[in-house]
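K.L.:
The structure's right below; bear with me while I get my questions together.
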Amino acid sequence: MHINNCELCRVPEYISTEHLWINSGLIAQKRDQRHVVVSRKSENLDPLFEGIERTPLATRHRAGRAYMDRLIPKGVRDLLQ
Numbered sequence: 001m002h003i004n005n006c007e008l009c010r011v012p013e014y015i016s017t018e019h020l021w022i023n024s025g026l027i028a029q030k031r032d033q034r035h036v037v038v039s040r041k042s043e044n045l046d047p048l049f050e051g052i053e054r055t056p057l058a059t060r061h062r063a064g065r066a067y068m069d070r071l072i073p074k075g076v077r078d079l080l081q
């Protein structure tokens with residue numbers, strides 16, 4: 001599967017066309033700029049969050065996963081996994 005990248009920022013076009021890079025440094029969804037992109041490496045934080053799925057944050061996690069599942073095509077998800 002070939003992925004087209006933005007010539008300016010080299011980010012895959014399916015992400016760069018759905019998001020805005022705001023002057024503050026945040027990346028937000030074009031349709032609703034209240035939704036910002038958060039990226040983190042979690043291996044070193046995993047022990048801190050053990051069991052957090054039992055809290056109300058689990059709802060936000062599921063919503064975030066559902067959003068990303070709709071945004072990232074299945075072929076790309078398979079490559080990332």
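When you line the sequence shown up against this note's numbering, it's residues 1 to 81, in that order. For each residue, glycine too, the CB sits at the ideal point set by N, CA and C. Since the structure is predicted, the reported quantities are computational estimates derived from the model, not experimental observations.
1) Which of the three DSSP states is assigned to Pro47 in this structure?
2) What residue from Leu8, Cys6, Pro12, Asn23 has the CA that sits closest to Pro73's CA?
3) Looking at Leu26: is its Cβ nearer than 7 angstroms to the Cβ of Val36?
4) Buried or exposed: which applies to Ala19, given that a residue is buried once 16 or more other Cβ atoms fall within 10 Å of its Cβ?
5) Taking Asp69 as the reference, which of Ile15, Cys9, Ala28 has the closest Cα?
6) Give the straight-line distance between the Cα atoms of Ile22 and Ala28, rounded to the nearest whole angstrom.
P.N.:
So, from the data block:
1) helix
2) Pro12
3) yes
4) Here residue 19 is His; the residue named in the question, Ala, does not match the sequence. Its Cβ being crowded by 16 or more others within 10 Å, His19 is buried.
5) Ile15
6) 7 angstroms
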